[in-house]
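Asker: Have a look at this one.
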Amino acid sequence: MSKSAKLAVLGSINADHILNLTHFPRPGETVIGEQYTVAFGGKGANQAVAAGRAGADIAFIACLGDDAIGERIRAQLVRDNIDTAAVETVSGEPTGVAMIFVNGEGENSIGICAGANAALTPDCVARHQQVIANASALLMQLESPLESVQAAAKIARAHQTQVILNPAPATPLDDELLALVDIITPNETEAESLTGIAVSSDEDAARAAEALHAKGIGTVLITLGRRGVWLSEQGEKGERIAGFTVKAVDTIAAGDTFNGAFITARLEGKSLHDAVRFAHAAAAIAVTRPGAQPSVPWRAEIDDFLLQQG
Ligand code: RIB
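In the UniProt record's numbering, the protein residues as written are 1 to 310.
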C-alpha cells in the first residue's frame, strides 16, 4: 500500500509556567521575577504545532489531563491543523506541567511534572498503532515513557514508517531503540550523552555523527545552536549548514520548531539541505518571540522569511 505524506507525532503536552528574571536563582536564593506567563508547550505538542502550522498533514498521539487547561490545549491543537483523535484525555490526572525560568540572556532552565503524559504507555501506543502504520514518518522525543517510544518505533519499522527521534531531554538510550531510528536530531549535549563525544567543533560533530551511524542511524542532524546544524548521511561526508542570525528573545521550543518544520519539508520532498534551511528559518522566527507554542510560526511567515533572505 502506498502512503500519503502523512506525519504522526508522538509525545508530551505541557502547560508551561514561564518566569522571566534577571538571573537564575541559586540554591537558597529568591529572585523577584519580571514577568510570569502560562503558555502551551511540551516537546511533543510544540513539534506537532510546528508541523501543523508549517502545512503538514499531521496526527498527534498524546495524553492530556481532564482539567480546564487540557480542554483549551486540545482546542488550540485543532486550530493548529492537527488531527487530535489519538490525543487521549486521562481521567483523574492533571495535564503535564513545565516550570521554566528564563534569564536576562534568554537562556532557560526547566523542571517538569509528567502528569497525564505518564499515561502514554505502550498500551496507549497500541490503541493508536494505525495512526503510525498509516503515516510516512513518525516524529518522537523523550518526554514520554521510554518503553512507549520503543514500542512506537517498532510499529513504525514494521509498517515502513520512517522514524525521526529528537532525543530531548538528554536520556541514555539502548542500542536496540537507536537501531530503529532513521533520522536523529540531538543537540550538542544530547549527542555527547548518546556517544560520549563532547561536541564543540565541526570535527567533534563529525565524530559523534559517525558514532550514531555505527548504531544503525542513517541520517544524523546535530543542532549546534548559533553555529547551525551538522548534517551527516551514512557513508557520505558531513557538512555544517549555518542558521540565520536574529535577535533572540528566548530559545524555548526553538529545537521543537526546527524538528516539526524539518520533517514537514522532508515530507514535501525537499532535499535534506533545503529541509534544514526551511527548519532554520522556522526556528529563527521562533526565537524572536517569547514562549513555546506562541512563538511557533505559520507557513506564510516561514516562506516570507526565506524570501527576504534571498
Ligand atoms: O522544548 C521546550 C519544551 O520543553 C517546553 O515547552 C516545556 O514544556 C518542555 O517540555
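The C-beta atom is built at its ideal place from N, Cα and C for all residues, glycine as well.
If you draw a straight line from the alpha carbon of Val276 to that of Leu194, how long is it in whole angstroms?
Answerer: Position 276 of the sequence shown, counting from 1, holds the residue named residue 276. Position 194 of the sequence shown, counting from 1, holds the residue named residue 194. So the alpha carbons of these two residues sit roughly 22 Å apart.
Asker: Anyone know if the C-beta pair for Asp256 and Asn46 falls short of 7 Å?
Answerer: Your numbering for residue 256 matches position 256 in the sequence shown. Your numbering for residue 46 matches position 46 in the sequence shown. In this structure, Asn46 lies closer than 7 Å to Asp256 by Cβ.
Asker: Select from Thr245, Ala211, Phe258, Val246 the residue whose C-alpha is nearest the C-alpha of Gly238.
Answerer: Taking the first residue of the sequence shown as 1, we reach residue 238 at position 238. Of Thr245, Ala211, Phe258, Val246, the residue nearest in Cα terms is Ala211.
Asker: Following the continuous alpha helix (DSSP H) through Asn259, name the residue where it begins and the one where it ends.
Answerer: Working through the sequence shown from its first residue, we reach residue 259 at position 259. Per DSSP, Asn259 belongs to the alpha helix (DSSP H) from 254-267.
Asker: Within this structure, are the beta carbons of Gly41 and Gln141 separated by less than 7 Å?
Answerer: For this step, residue 41 is matched to residue 41 along the sequence shown. For this step, residue 141 is matched to residue 141 along the sequence shown. Their beta carbons are not under 7 Å apart, which means Gly41 does not touch Gln141 by this criterion.
Asker: Between the stretch 15-23 and the stretch 258-278, do three or more beta carbon pairs fall short of 8 Å?
Answerer: No, the stretch 15-23 is not in contact with the stretch 258-278.
Asker: How many angstroms separate the CA atom of Pro167 from the CA atom of Glu192?
Answerer: Position 167 of the sequence shown, counting from 1, holds the residue named residue 167. Position 192 of the sequence shown, counting from 1, holds the residue named residue 192. Rounded to the nearest angstrom, the two C-alpha atoms are 11 Å apart.
Asker: Do you know offhand how far Leu178's Cα is from Ile217's?
Answerer: Locating residue 178 in the sequence shown gives position 178, where the first residue counts as 1. Locating residue 217 in the sequence shown gives position 217, where the first residue counts as 1. The alpha-carbon atoms of Leu178 and Ile217 are separated by roughly 7 Å.
Asker: Across which residues does DSSP place Val223 in a beta bridge pair?
Answerer: Translated into positions along the sequence shown, residue 223 becomes position 223. Correcting the residue identity first, residue 223 is Thr in this sequence and not Val. In DSSP, Thr223 forms a bridge with Asn187, Val229.
Asker: Is the CB-CB distance between Arg53 and Val249 below 7 Å?
Answerer: The residue labelled residue 53 in the question sits at position 53 within the sequence shown. The residue labelled residue 249 in the question sits at position 249 within the sequence shown. Cβ atoms of Arg53 and Val249: not closer than 7 Å.
Asker: For ligand 1, is there a heavy atom less than 6 Å away from the beta-carbon of Asn166?
Answerer: One-based indexing of the sequence shown puts residue 166 at position 166. Flag unset: Cβ of Asn166 not near ligand 1.
Asker: Under 6 Å Cβ to Cβ from Ala284, same chain only, skipping five residues before and after it: list those, please.
Answerer: Counting from 1 along the sequence shown, the entry for residue 284 is found at position 284. Same-chain partners within the cutoff: Phe244, Val246.
Asker: For Ser4, is the classification buried or exposed, using 16 other Cβ atoms within 10 angstroms of its Cβ as the cut-off for buried?
Answerer: Stepping through the sequence shown from its first residue, residue 4 is reached at position 4. Label assigned to Ser4: exposed.
Asker: State the Cα-Cα distance for the pair Leu180 and Glu34, rounded to the nearest angstrom.
Answerer: Position 180 of the sequence shown, counted from the first residue, corresponds to residue 180. Position 34 of the sequence shown, counted from the first residue, corresponds to residue 34. Leu180 and Glu34: Cα-Cα distance of roughly 45 Å.
Asker: What runs of the alpha helix (DSSP H), each 4 residues or longer, lie entirely inside the stretch 137-202?
Answerer: The qualifying runs are 146-158, 175-178, 188-195.
Asker: Looking only at C-alpha atoms, which of Ala281, Pro294, Ala292 sits nearest to Leu307?
Answerer: Residue mapping note: residue 307 aligns to position 307 of the sequence shown, counting from 1. When each option's Cα is compared against that of Leu307, the closest is Ala281.
Asker: Roughly how many angstroms separate the alpha carbons of Arg227 and Gly92, rounded to a whole number?
Answerer: Residue mapping note: residue 227 aligns to position 227 of the sequence shown, counting from 1. Residue mapping note: residue 92 aligns to position 92 of the sequence shown, counting from 1. The alpha-carbon atoms of Arg227 and Gly92 are separated by roughly 44 Å.
Asker: Just grab the DSSP bridge partners of His23 for me.
Answerer: Taking the sequence shown and counting its residues from 1, one reaches residue 23 at position 23. For His23, which the question treats as bridged, DSSP gives no partner whatsoever.
Asker: Heavy atom of ligand 1 less than 6 Å from the Cβ of Asp250, yes or no?
Answerer: If you number the sequence shown from 1, residue 250 lands on position 250. No - ligand 1 has no heavy atom lying nearer than 6 Å to the Cβ of Asp250.
Asker: So which of Cys63, Val78, Arg240 has the shortest CA-CA distance to Asp204?
Answerer: In the sequence shown, the residue the question calls residue 204 occupies position 204. Out of Cys63, Val78, Arg240, Arg240 has the C-alpha closest to the C-alpha of Asp204.
Asker: Straight-line CA distance for Phe278 to Gly28?
Answerer: Position 278 of the sequence shown, counting from 1, holds the residue named residue 278. Position 28 of the sequence shown, counting from 1, holds the residue named residue 28. When rounded, the distance between both Cα atoms is 43 Å.
Asker: Assuming Val125 and Ala151 are in contact, meaning their beta carbons sit under 8 Å apart, how far apart are those beta carbons, in whole angstroms?
Answerer: In the sequence shown, counting from the first residue as 1, residue 125 sits at position 125. In the sequence shown, counting from the first residue as 1, residue 151 sits at position 151. Rounded, the Cβ-Cβ distance is 5 Å, consistent with contact.
Asker: Quick one: is the Cβ of Ala98 within less than 6 Å of any heavy atom of ligand 1?
Answerer: For the purposes of this step, residue 98 is taken as the residue at position 98 of the sequence shown. Yes, Cβ of Ala98 sits closer than 6 Å to a heavy atom of ligand 1.
Asker: Considering only residues of the stretch 55-84, which uninterrupted beta strand (DSSP E) runs meet the minimum length of 3 residues and lie entirely inside it, listed in chain order?
Answerer: Taking only runs of at least 3 residues, the beta strand (DSSP E) segments lying wholly in the stretch 55-84 are 57-65.
Asker: Quick one: what does DSSP say Lys215 is sitting in, helix, strand or coil?
Answerer: The residue given as residue 215 occupies position 215 in the sequence shown. Coil, per DSSP.
Asker: So does Asp67 have its beta carbon nearer than 6 Å to some heavy atom of ligand 1?
Answerer: What you label residue 67 is simply residue 67 of the sequence shown in a count that begins at 1. Incorrect: Asp67 has no Cβ contact closer than 6 Å to ligand 1.
Asker: Cβ-heavy atom distance between Ile110 and ligand 1 below 6 Å?
Answerer: In the sequence shown, counting from the first residue as 1, residue 110 sits at position 110. Yes - ligand 1 has a heavy atom lying nearer than 6 Å to the Cβ of Ile110.
Asker: Among the residues of its own chain, which have a CB less than 7 Å from the CB of Gln215, if the five just before and after it don't count?
Answerer: Translated into positions along the sequence shown, residue 215 becomes position 215. The question names Gln, yet the displayed sequence has Lys at residue 215. So the list reads Asp175, Leu178, Ala179, once near-sequence residues are dropped.
Asker: Would you report the Cα separation of Ala133 and Gly235, rounded to the nearest angstrom?
Answerer: On the sequence shown, position 133 is the one that residue 133 refers to. On the sequence shown, position 235 is the one that residue 235 refers to. Their Cα atoms are separated by approximately 29 Å.
Asker: Quick check: does the Cβ of Asp256 come within less than 6 Å of any heavy atom belonging to ligand 1?
Answerer: In the sequence shown, residue 256 corresponds to position 256, counting from 1. Flag set: Cβ of Asp256 near ligand 1.
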